[in-house]
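**Q**
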Amino acid sequence: MPAQKDAGNKEAAAGKRLTRRDFLVAGGTVAAVDALIAATPASAIAPAAGTEVPESRGYLVYDSRKCTGCTTCMLSCSLVHYGVQNLSRARIQIIQDSFGKFPNDLKMAPCRQCKAPVCVQSCPVGAAFIDTTNGNVRRIDSSKCIGCRTCIKMCPQQPHRTVWVVIDGQGKSSKCDLCIDTPYWEEKGGPGGKQACVETCPMMAIKFVSEMPDQEETDGYDVNLRNDHWLNLGLVDNSTVVPKQMPAWPDMGGGE
Amino acid sequence: MKGGYTGKILRVNLTTKTIGKIDTAKYEEFGGGHGIGSAVFFDLVGDQLPFEAFDPRNLIIMMASPFSGTFMPGSGRCEVQGLGPMLYPVEWFGHSNFGGRFTAQLKFAGWDGIVVEGASDDPVWINIVNDKVRIESAKGIWGMDTWDTQEEISRRVIPSLKYGEWAGLAEDCYTTQVPAVVCCGPAGENKSRLGCLLHGPGSQAALCGFGGVFGSKNLKAISAIGTQDVPIADPKALMAARLWFRQFQWNVDNPREAERFGVGGPYSLISGRPSGGNVLNRELPLTPARAAACASCPRGCRMRLATGDSNESVCAGTMVVNVQGSLKFTRQGNDLMQRYGLGHWQLMPLMSYVETLAKEGVLGRGKQIDTNLPLNQPGTFAYAEALIRQIAMREGVGNDLAEGCARFAQKIGRYDKDVNSGVLSLAYWGTANHYDPAIEAEWGFGSLLGERDLMLHMMSNYPLHWMAWSGDPYLSAEEAAKLYTDAMVPYNGDVFMVDHSDGPTGIYSDSKVKQVAWIKHYEKFWVGAGGFCGWRWPMCITNNTADRRGPTPEAEPRFWNAVTGNNLTFADYMEIGHKIYTLDRSIWVLQGRHRDMEVFPDYIYDRPSVGHDMPMYIDGKWKYDKGVGRTLDRKKVEEFKTKFYKFEGYNPDNGYPTRETLEKMNLSRVADLLKSRNRLG
């Protein structure tokens, strides 16, 4: 990313508020956050307060009320990056409780491409980095990762968005790269390209955006992607339309 | 084995408390799922048949498919096989399947399936965490309902489990997912023949009574969770196939002809739109809900509600217990059925039969069939709760009702009278009537020539039935016949396969023989071995494309070959389906099956049909017609059977597979066993 473009964004970035978690971590009060962060090696402590990094040119927002929990996004992610299907390798996590009550029965957890990317700031060997040639996407170079798990411990999100994977027998950290590096998918990824989870989600519940989502709240990335067609299904937040239903059993004339 | 398989099937002996493995490669020729399950059953206990379903020799086989754990749309169902105690008059080698995410987790744990042998002395459950498998005590769990069982087992598998966090299963093994548990309820524990297996709040393996088999083995549950890879032979081809498939999906943001297909009614069942499987959220104010999908399903036909009731239940699972006047209580009534672990499809006719007997004065307090059921409160939650509890716990009259409709009717001496008259509307091997065999004949023949109700909703009759019934069919009868049969490789080109008239090209014709064979082969390979959802596949036509062509028959081999690395055609795989059907049939023959048993109850032949709109070729023209008043001709049904047996390579005198047919299928060992029993065709 050209330097002048970065500079042009600083003012806008400064106008966006950080979350409490972002503030605590970026502000250097790391030790007070929680036990995991307190356990971080001294060499991995985040840079001094006030350190700024260029904003990412791309983000994934999502609609957790539209998601059906099919996990196609997770399997797409592992497929295009690793050539296998495995929920544990997915850089987006969909967590659900079948017995739970809507909307708290499901949580979508993609990487936020944080304004203050603690994973990058805390990596002791520079394996986590800002990819300035690809829209400032926060990435991890697995060839440099030493498996210290600092980025996993430091990620302020629950669940942490850095994902532990085993590559060639070695444990490594990984994270969403907005599909910049997809050996098993011949599509250009990253900002301006395509993302596997966005393309395969049958509910169109994940969307790529260029503008930084609201950083104020943890749910700032969880947006409404539903239109009237969704409302006509008679699902969420709609008490005015009742779709025509099949007649109740047994008045169906022999079928169901 | 390049992709799709983990390479090993878990083998658990509950009698000896031993755990072993079966090499999946040995059975690769059967594809996966049902195919491998049938072959394993034959190899392990085929020569010991016949024996009873509650005999410890019976097996519970739960198979995944190469698609399980992948994003193949509408796949991943778990195929359960074994002798089915619900089936009648013989506890046939049967199958039932359920959705959700069980097979996905089983595959991520590194297993292509599970074979359970023997019976434990004390209640147990099986704990699968990746390669680590343990037989655990069910102390404190036995007696729980299905929901509490699953939650308690999840806690025991991952004591540190916190919703929304990563959990470590072992070194380098992390997941955010919760264990996938399948279990029986109190009904299964008490060896009810209506006992289902339940996974999640509403995913039932309803047919065959496998919950009762779990109970007979003192097996409460199986839990699976894993963090391993499902290998894919050609990842790029699989991704390309998944993206290509989007054109056949319901576009949730911009559906094709939304006003026509998106407003509910009959089209809600076949349009592919989300939700709609749960019919109990349709009164203002609507309960906020999520459309909820099984693993990898692009439709999401289920719901999870803000009230948490009827979560993930669909169709009969939301309709069997009808509490009059309250959808909320109806949802909760059906949830009772799920929690006690009763199979919905057989509870339905049983509840109806109890009410019939009560109205006749045969059943009631102090009556011939004495019961304290609150029969003066029909349609209430109290009545439903009492009836469900008594059946599940075998209390009072429930002890006899737990034997299932057919055996209960037999015990009270009314089976012949009530089944043949249709008062008790059983149709095939003790399972409830469904679609009308006099009109939608392939459903009837497909069930009769199987071992239970067909329960395959996307075979031709279903989309055509509901399209026509909508009053606004998107295809004319002639177009529907042409398009649908175009997809029916290798018999494509014969439009009369979907002629539902009773004329020369209709329900008794050579064309119908081909259609029934196609259904059985598709059932055994794609649905059975591939773990397809019967509500999604096959897709020969669809409202979601401009030309109305569905993804069948292109999608199936495209995905299969990408995942496994094979390079076979749709027709090749259908022939494997033929082989699996022939193996199943051979097992039934070892249990006593003969063509003389393959007959409908009298009422199916004799009761004039109320008619159903279906494509019919009448007087040289295609039209949608109902066939009102039609009855089935016994002689023509028998002639149809003769033609079918010949077509499939079976002896028409008895319906037994012939040696020539079996040897062509590399099933000489099956021929040898049938020969030794004097039952080779």
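Top to bottom, those sequences are chains L and Z. Residue numbering for the first sequence follows the working numbering, starting at 1 and increasing by one per position. Residue numbering for the second sequence follows the working numbering, starting at 1001 and increasing by one per position. Glycine residues also receive a C-beta, built at the ideal position from the N, C-alpha and C atoms.
1) Between P1201 of chain Z and F99 of chain L, is the Cβ-Cβ spacing less than 8 Å?
2) For A1386 of chain Z, name the three-state secondary structure that DSSP assigns.
3) Any chance the region 195-205 of chain L sits against the region 58-66 of chain L, with 3 or more Cβ pairs inside 8 Å?
4) When you compare the CB of M154 of chain L with every CB in chain B, is at least one pair closer than 8 Å?
5) Can you pull the chain Z residues whose beta carbon is under 8 Å from the beta carbon of Y221 of chain L, in chain order?
6) Is S98 of chain L close to chain Z, meaning its C-beta is less than 8 Å from at least one C-beta of that chain?
7) Tell me the DSSP bridge mates of W164 of chain L?
8) Can you pull the chain Z residues whose beta carbon is under 8 Å from the beta carbon of S76 of chain L, in chain order?
9) I need the straight-line Cα distance from T1683 of chain Z to V1489 of chain Z, nearest angstrom please.
10) So, D1613 of chain Z versus K1626 of chain Z, is the Cβ gap smaller than 8 Å?
11) Q1346 of chain Z lies in the alpha helix (DSSP H); which residues open and close that run?
12) In chain Z, which residues lie less than 7 Å from C70 of chain L when you measure between Cβ atoms?
13) Grouping DSSP H, G and I as helix and E and B as strand, with all else coil, what is Q85 of chain L?
14) Going straight from the alpha carbon of T40 of chain L to that of S142 of chain L, what length do you get?
15) Is it true that the CB of L1342 of chain Z sits closer than 8 Å to the CB of G1195 of chain Z?
16) Report the three-state DSSP secondary structure of G1215 of chain Z (helix, strand or coil).
17) Assuming H1521 of chain Z and H1578 of chain Z make a contact with CB atoms under 8 Å, what is their CB distance in whole Å?
18) Where do the N-terminal and C-terminal ends of the alpha helix (DSSP H) with G1100 of chain Z fall, by residue?
19) Y1617 of chain Z by DSSP, collapsed to three states: which one?
20) Would you call the region 1060-1068 of chain Z and the region 1283-1291 of chain Z touching, i.e. three or more CB-CB distances under 8 Å?
21) Straight-line CA distance for K172 of chain L to P1123 of chain Z?
22) Considering only the beta carbon of each residue, do L1456 of chain Z and E1556 of chain Z sit closer than 8 Å?
23) Span of the beta strand (DSSP E) holding K207 of chain L?
24) Decide if D1370 of chain Z is buried, meaning its Cβ has at least 16 other Cβ atoms within 10 Å, or exposed.
25) I'd like to check one pair, C1297 of chain Z with C1533 of chain Z: are the Cβ atoms closer than 8 Å?
26) What is the rounded straight-line gap between the Cα of K1220 of chain Z and the Cα of V1527 of chain Z?
27) Against I95 of chain L, what residues of chain Z qualify as contacts under a CB-to-CB distance less than 8 Å, listed in chain order?
28) Between the region 1034-1060 of chain Z and chain L, which residues of the former have CB atoms less than 9 Å from a CB of the latter, in chain order?
29) Could you tell me the alpha carbon to alpha carbon distance between W1443 of chain Z and R1669 of chain Z, rounded to whole angstroms?
30) Verify whether the separation of the beta carbon atoms of K1328 of chain Z and D1510 of chain Z is less than 8 Å.
31) Using a C-beta cutoff of 8 Å, does E217 of chain L count as contacting chain Z?
32) Within the same chain, show all residues whose beta-carbon is closer than 8 Å to that of G1379 of chain Z, passing over the 5 residues directly before and after it, in chain order.
33) Please list the residues of the region 1097-1125 of chain Z that have a C-beta atom closer than 7 Å to any C-beta atom in chain L, keeping them in chain order.
34) Taking only the alpha-carbon atoms, compute the straight-line gap between T1661 of chain Z and S1586 of chain Z and give it to the nearest angstrom.
35) Figure out for me which residue from L:T150, L:A109, L:G135 and L:K115 has the closest Cα to the Cα of A128 of chain L.
36) Since E1028 of chain Z and M1001 of chain Z are thought to touch, with beta carbons under 8 Å apart, how far apart are those beta carbons, to the nearest angstrom?
**A** Judging by the given coordinates:
1) Yes.
2) Correct three-state label for A1386 of chain Z: helix.
3) Judged by Cβ distances under 8 Å, the region 195-205 of chain L makes contact with the region 58-66 of chain L, as three or more pairs qualify.
4) The question asks about chain B, but that chain is absent: this structure's protein chains are L and Z.
5) Those do not exist, as Y221 of chain L stays about 15 Å from chain Z at its closest Cβ, beyond 8 Å.
6) True, the Cβ-Cβ gap to chain Z drops below 8 Å.
7) Answer by DSSP bridge pairing, in chain order: L:S173.
8) What S76 of chain L touches in chain Z: F1071, M1239 and R1242.
9) The structure shown does not extend to residue 1683 of chain Z, since chain Z spans only 1001 to 1681, so no value can be given for it.
10) With respect to the 8 Å criterion, D1613 of chain Z and K1626 of chain Z are classified as neighbours on the basis of their beta carbons.
11) For Q1346 of chain Z, the uninterrupted alpha helix (DSSP H) run begins and ends at H1344 to K1359, by DSSP.
12) Neighbours of C70 of chain L on chain Z, chain order: A1293, A1295, S1296, C1297, P1298 and G1300.
13) Strand.
14) Because the pLDDT of T40 of chain L is 35, which lies under 50, any placement of that residue in the model is unreliable, and the question is left without a value.
15) Contact: yes.
16) In this structure, G1215 of chain Z counts as helix in the three-state DSSP scheme.
17) Between H1578 of chain Z and H1521 of chain Z the Cβ distance is about 5 Å, and since that is below 8 Å, they are a contact.
18) Premise fails: G1100 of chain Z is in no alpha helix (DSSP H) and is neither H nor E.
19) Per DSSP, reduced to three states, the secondary structure at Y1617 of chain Z is strand.
20) No, the region 1060-1068 of chain Z does not touch the region 1283-1291 of chain Z.
21) Answer to the nearest angstrom: the Cα atoms are 41 Å apart.
22) Cβ distance not < 8 Å, so L1456 of chain Z and E1556 of chain Z don't count as in contact.
23) Where K207 of chain L is concerned, the enclosing beta strand (DSSP E) stretches over I206 to V209.
24) Classification for D1370 of chain Z: exposed.
25) Yes, these two residues count as a Cβ contact at 8 Å.
26) Answer to the nearest angstrom: the Cα atoms are 27 Å apart.
27) Neighbours of I95 of chain L in chain Z, taken as residues at a C-beta separation under 8 Å, are given in chain order as Y1163, G1164, T1176 and Q1177.
28) Listed by position along the chain: nothing, the set is empty.
29) Straight through space, the alpha carbons of R1669 of chain Z and W1443 of chain Z are spaced by roughly 31 Å.
30) For K1328 of chain Z and D1510 of chain Z, no; Cβs fall outside 8 Å.
31) Against chain Z, the CB of E217 of chain L has no partner CB under 8 Å away; the residue lies outside that interface.
32) These residues qualify, in order along the chain: N1322, V1323, Q1324 and G1325.
33) Answer set for the region 1097-1125 of chain Z: F1108.
34) T1661 of chain Z and S1586 of chain Z: Cα-Cα distance of roughly 11 Å.
35) That would be L:T150, whose Cα lies nearest to the Cα of A128 of chain L.
36) For E1028 of chain Z against M1001 of chain Z, the beta-carbon gap comes to about 6 Å, under 8 Å, which counts as contact.
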